[in-house]
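Enquirer: This is the structure I want to talk about, given as structure tokens.
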Amino acid sequence: AKDAGRNTCRLFDEAMHVEAQEMLRLRSQFLTALEQGRFVLHFQPQLRLGDGRVLGVEALVRWQDGDSLIPPAQFIPMAESSGLIVPLGEWVLHEACRQAMSWQSCYDSPVVVAVNLSAVQFKRGNLEQAVASALAGSGLAPQLLELELTETTLLHQTEAVLSTLRRLSQLGVRLAIDDFGTGYSSLAYLKRLAVNTLKIDQSFIRNLSGDPDDANIVCAIIEMAHKLQLQTLAEGVESAQIADLLRQMGCDQAQGYYYSRPLPIAQLHAYLRRQQAG
Ligand code: C2E
Ligand code: CA
Ligand code: CA
Ligand code: CA
608 AKDAGRNTCR LFDEAMHVEA QEMLRLRSQF LTALEQGRFV LHFQPQLRLG
658 DGRVLGVEAL VRWQDGDSLI PPAQFIPMAE SSGLIVPLGE WVLHEACRQA
708 MSWQSCYDSP VVVAVNLSAV QFKRGNLEQA VASALAGSGL APQLLELELT
758 ETTLLHQTEA VLSTLRRLSQ LGVRLAIDDF GTGYSSLAYL KRLAVNTLKI
808 DQSFIRNLSG DPDDANIVCA IIEMAHKLQL QTLAEGVESA QIADLLRQMG
858 CDQAQGYYYS RPLPIAQLHA YLRRQQAG
């Protein structure tokens, strides 16, 4: 039994070793990719349900590795645990603000850019400085930048996060809560934080037409949000049927494959011009 235990330990150590090596390899590939400009942003339109106007665009990062695009799920967790999300996040902020300037001329009204923030960026790295420098460097008006954070980010490290958020909203940027409904937060608390938008998580939207529980949850979120003067945006809208339901429920905005997948910048420009023409 003692031997078996020792063997298990050894196997476990080896597995850990392989994993650590894999991490190191990924980390060095990541840094090289960042230096060589091999990360790209794709942009997914956010539309007003009432009239189909594009109000915003969410920036979503991809890693371009040769001919393939590596999705964020495959590198964001490693970037967070290693701290590499700080330099990546700064690049995303700068690039998103720069691109947001490029598409304003494609549409007859201003289009906000939404950028995802990780909890790690609040803990490490000077987030306020990074945001201010991305705005100054690009010349983008602060009210055209929306920062998306999750309820989990608010839950932990509350005091530091709160003061950073206060300073960020003093810069004039907009705040949105991502994946809303999957974590814990009180709406009154969000109101105090000068949050503008609640992004209702895709998991409630997917079966909206078939699952009465989901429909009730979404209705309740929209109603409460509006009482607090918060905007609501439904994520993961994949059909006209779901879009119609959301419109009936009074949801303000929608985002999802039904309207558009996340697009490379050139295709986003074409999309905005088409939307405007139509
Ligand atoms: P998220 O912020 O919740 O982004 C929405 C995800 O849902 C995106 O996946 C988007 O492509 C996908 N999506 C949009 N519409 C639909 C739809 O109708 N149906 C379905 N099934 N999916 C839809 P993506 O681009 O793979 O990003 C995954 C996650 O990676 C994001 O979730 C976000 O948490 C993270 N992420 C992406 N870019 C960044 C970034 O620049 N910084 C940080 N910290 N995280 C990022
Ligand atoms: Ca928005
Ligand atoms: Ca998001
Ligand atoms: Ca989300």
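UniProt numbering puts the first residue of the sequence shown at 608, with every later residue one more than the last.
Ideal Cβ positions, reconstructed from N, Cα and C, are used throughout, including at glycine.
Just to confirm, does D821 get its C-beta within under 7 Å of one of the non-hydrogen atoms of ligand 4?
Expert: Outside the cutoff, so no.
Enquirer: Measuring alpha carbon to alpha carbon, tell me which residue in N614, Q750, S740, S635 is nearest L662.
Expert: Checked all of N614, Q750, S740, S635; the closest Cα to L662 is Q750.
Enquirer: Nearer than 7 Å: is that true of the beta carbon of E845 relative to any heavy atom of ligand 1?
Expert: Yes.
Enquirer: Given a cut-off of 8 Å, decide if Q838 and T804 are closer than it, judged by their beta-carbon atoms.
Expert: In this structure, Q838 lies closer than 8 Å to T804 by Cβ.
Enquirer: Which of the three DSSP states, helix, strand or coil, is assigned to G744?
Expert: DSSP places G744 in helix when its eight states are reduced to three.
Enquirer: Go ahead and pull the three-state DSSP assignment for S675.
Expert: Note: S675 maps to strand in three-state DSSP.
Enquirer: Any heavy atom of ligand 4 closer than 7 Å to the CB of G859?
Expert: Per the sequence shown, the amino acid found at residue 859 is Asp instead of Gly. Flag unset: Cβ of D859 not near ligand 4.
Enquirer: Measuring CA to CA, which of M685, L734, R781, I812 is closest to L797?
Expert: Nearest of M685, L734, R781, I812 to L797, Cα basis: R781.
Enquirer: Let me make sure I understand the geometry here. Which of V719, A680, I872 has the alpha-carbon closest to that of R655?
Expert: Answer by Cα proximity: V719.
Enquirer: Work out the CA separation of L752 and A783 for me, nearest whole Å.
Expert: Near 10 Å, if we compare the C-alpha coordinates of L752 and A783.
Enquirer: Starting from residue 965, trace the alpha helix (DSSP H) both ways and give me its first and last residue.
Expert: There is simply no residue 965 to check, as the chain begins at 608 and stops at 885 in what is shown.
Enquirer: Report all residues from its chain with a CB closer than 8 Å to the CB of D820; omit the five preceding and five following residues, and keep chain order.
Expert: Closer than 8 Å at the Cβ level, and outside the excluded window around D820, lies no residue.
Enquirer: Looking only at C-alpha atoms, which of R774, V668, E697, H701 sits nearest to Q651?
Expert: When only C-alpha atoms are compared, the closest one is V668.
Enquirer: Which residue or residues does DSSP assign as beta-bridge partners of Q862?
Expert: DSSP, once it has assigned bridges, lists no residue as partnering Q862.
Enquirer: Ignore the nearest five residues each way along the sequence and tell me which others in N723's own chain have a CB closer than 6 Å to its CB.
Expert: Closer than 6 Å at Cβ, skipping near neighbours: E755.
Enquirer: Using 8 Å as the threshold, is the C-beta distance between V727 and E687 below it?
Expert: Contact flag set, yes.
Enquirer: Return the bridge partner residues of G663 from the DSSP annotation.
Expert: According to DSSP, G663 bridges with Q653, V719.
Enquirer: If you compare alpha carbons, which of L840, R645, S740 is closest to D785?
Expert: It is L840 whose Cα lies nearest to the Cα of D785.
Enquirer: Throw me the rounded Cβ distance for the G696 and S725 pair, which I believe falls under 8 Å.
Expert: Confirmed, Cβ separation roughly 6 Å.
Enquirer: To which residues of the same chain is A801 closer than 7 Å at the C-beta, ignoring the five residues directly before and after it?
Expert: Excluding sequence neighbours, A801 sits near S776, L782.
Enquirer: What residues in its chain sit with their C-beta under 8 Å from that of V825, if we drop five residues either side in the sequence?
Expert: I807, F811, I812, L815, A841, L853, M856, C858.
Enquirer: Going by C-alpha to C-alpha distance, which of A748, A707, M708, R773 sits closest to L734?
Expert: Out of A748, A707, M708, R773, R773 has the C-alpha closest to the C-alpha of L734.
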